[in-house]
Amino acid sequence: GALVYQYPRRTICKSGTSMRMECQAVGFQATSVAWYRQSPQKTFELIALSTVNSAIKYEQNFTQEKFPISHPNLSFSSMTVLNAYLEDRGLYLCGARPGQGGDTQYFGPGTRLLVL
Amino acid sequence: GDSVTQTEGLVTLTEGLPVMLNCTYQTIYSNPFLFWYVQHLNESPRLLLKSFTDNKRTEHQGFHATLHKSSSSFHLQKSSAQLSDSALYYCALSPDTNAYKVIFGKGTHLHVLP
Chain A
58 GALVYQYPRR
68 TICKSGTSMR
78 MECQAVGFQA
88 TSVAWYRQSP
98 QKTFELIALS
108 TVNSAIKYEQ
118 NFTQEKFPIS
128 HPNLSFSSMT
138 VLNAYLEDRG
148 LYLCGARPGQ
158 GGDTQYFGPG
168 TRLLVL
Chain B
59 GDSVTQTEGL
69 VTLTEGLPVM
79 LNCTYQTIYS
89 NPFLFWYVQH
99 LNESPRLLLK
109 SFTDNKRTEH
119 QGFHATLHKS
129 SSSFHLQKSS
139 AQLSDSALYY
149 CALSPDTNAY
159 KVIFGKGTHL
169 HVLP
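First to last, the protein sequences are chains A and B. Mapped onto this note's numbering, the consecutive letters of the first sequence carry residue numbers 58 to 173. Mapped onto this note's numbering, the consecutive letters of the second sequence carry residue numbers 59 to 172.
Right, dumping it as structure tokens:
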């Protein structure tokens, strides 16, 4: 079946430092990978969408300078939170889809980021 | 822009009663996909239902929803709530068949009491 792994599952970093998180799709080819942040008591905010053969598109309030993303192949993506501060804490979800609209987006278990 | 509205933040009801969670959406596209995801505590969201076809009921695990394009709605229903249904439910939209983007509503916390 289709699975998405994320690593690490939980991490703590000091304010002002950076944290890299990884997303691995297994059992299907991740044509698109979306990164979301679920801040405490909030819904999923789309950070950026990475689609094969297209540039990575960042949503308003999120920038490549703050959340650089790499999507080197159809099974792997990584995102770094640069200069993390308190407002960056939350659950970072990777959602991978094998195709276009209507295809199920498979979510990983998330990377929970705590910033001290 | 594209958006999803879930009017209830919290729904509390007694086991055995019917469930209805509201979801409406806005999009300029005429063929959106609508989804319901369920998230249990400390877990990632899991797909519960999805639909593309207007006025067609879709069912899974006792839950059902019908996409009504005329009213831009995709309400989630279940005839009889179970304790294990307690979770966060997110309605989500993929605006177009060529869209990779998924937009989530704010979520509804369903709390089922014994």
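Virtual Cβ for every residue (Gly too), placed ideally from N, Cα, C. Predicted model only: the values in this text are computed from it and were never measured.
Quiz item: Pairing CB atoms from the region 81–91 of chain B with CB atoms from the region 139–154 of chain B, are three or more of them under 8 angstroms?
Solution: yes
Quiz item: Which residue's Cα is closest to the Cα of Q88(A): T168(A), H128(A) and Y115(A)?
Solution: Here residue 88(A) is taken as the residue at index 31 of the first sequence, counted from 1. Note that residue 88(A) is Thr in the sequence shown here, rather than Gln. The option with the nearest alpha carbon to T88(A) is H128(A).
Practice problem: Check whether the Cβ of F121(B) lies closer than 8 angstroms to any Cβ atom in chain A. | Solution: Taking the first residue of the second sequence as 1, we reach residue 121(B) at position 63. No - not a single Cβ of chain A is within 8 angstroms of the one on F121(B).
Quiz prompt | According to DSSP, residues forming a beta bridge with G147(A) | solution = Residue 147(A) sits at position 90 when you count from the first residue of the first sequence. For G147(A), which the question treats as bridged, DSSP gives the partners L170(A).
Quiz item: Can you tell me the Cα-Cα spacing of C81(B) and V170(B), whole angstroms?
Solution: Along the second sequence, one-based indexing puts residue 81(B) at 23. Along the second sequence, one-based indexing puts residue 170(B) at 112. Each residue's alpha carbon lies about 19 angstroms from the other.
Self-check item: Partner residues on chain B for F164(A), Cβ-Cβ distance less than 7 angstroms
Solution: The residue given as residue 164(A) occupies position 107 in the first sequence. Residues of chain B passing the Cβ test: S102 and P103.
Practice problem: Just grab the DSSP bridge partners of H167(B) for me. | Solution: As a working note, residue 167(B) is residue 109 in the second sequence. Per DSSP, L68(B) and L146(B).
Quiz prompt | Chain-ordered chain A contacts of Y148(B) [CB-CB under 9 angstroms] | solution = For the purposes of this step, residue 148(B) is taken as residue 90 along the second sequence, with counting starting at 1. Here the neighbours are T100 and F101.
Quiz item: For A91(A) and chain B, any beta-carbon pair shorter than 8 angstroms?
Solution: On the first sequence, residue 91(A) is found 34 positions in, with the first residue counted as 1. Output row for A91(A): interface = yes.
Self-check item: Contact list for Y83(B) against chain A, beta-carbon separation under 9 angstroms
Solution: Sequence index remark: in the second sequence, residue 83(B) carries index 25 (1-based). Near Y83(B) there are no residues of chain A at all, since even the closest Cβ is about 14 angstroms away, more than 9 angstroms.
Quiz item: For chain A, is any of its Cβ atoms less than 8 angstroms away from the one on K114(B)?
Solution: Working through the second sequence from its first residue, we reach residue 114(B) at position 56. Answer no: the Cβ-Cβ gap between K114(B) and chain A never drops below 8 angstroms.
Quiz prompt | Proximity to V62(B) [Cα-Cα], best of L168(B), M78(B) and F91(B) | solution = As a working mapping, residue 62(B) is identified with position 4 in the second sequence. Nearest option by C-alpha distance: F91(B).
Exercise. Answer yes or no: does any C-beta atom of chain A fall closer than 8 angstroms to that of K136(B)?
Key: Here residue 136(B) corresponds to residue number 78 of the second sequence, with the count starting at 1. Not one chain A Cβ lies under 8 angstroms of K136(B).
Quiz item: Cβ of V160(B) less than 8 angstroms from any chain A Cβ?
Solution: In the second sequence, residue 160(B) corresponds to position 102, counting from 1. Taking Cβ atoms only, chain A reaches closer than 8 angstroms to V160(B), which makes this a yes.
Quiz prompt | Proximal residues of chain B, C-beta to C-beta of T168(A) below 7 angstroms | solution = Translated into the one-based positions of the first sequence, residue 168(A) becomes position 111. Neighbours of T168(A) in chain B, taken as residues whose beta carbon is under 7 angstroms from its own, are absent, since the nearest beta carbon is some 11 angstroms off.
Quiz item: From the beta carbon of T68(A), is the nearest beta carbon of chain B less than 8 angstroms away?
Solution: On the first sequence, position 11 is the one that residue 68(A) refers to. For T68(A), the answer is no, since every Cβ of chain B falls outside 8 angstroms of its Cβ.
Practice problem: Give me the Cα-Cα distance between G147(A) and T116(B), rounded to the nearest whole angstrom. | Solution: Taking the first sequence and counting its residues from 1, one reaches residue 147(A) at position 90. Taking the second sequence and counting its residues from 1, one reaches residue 116(B) at position 58. If you take the alpha carbons of G147(A) and T116(B), they lie about 33 angstroms apart.
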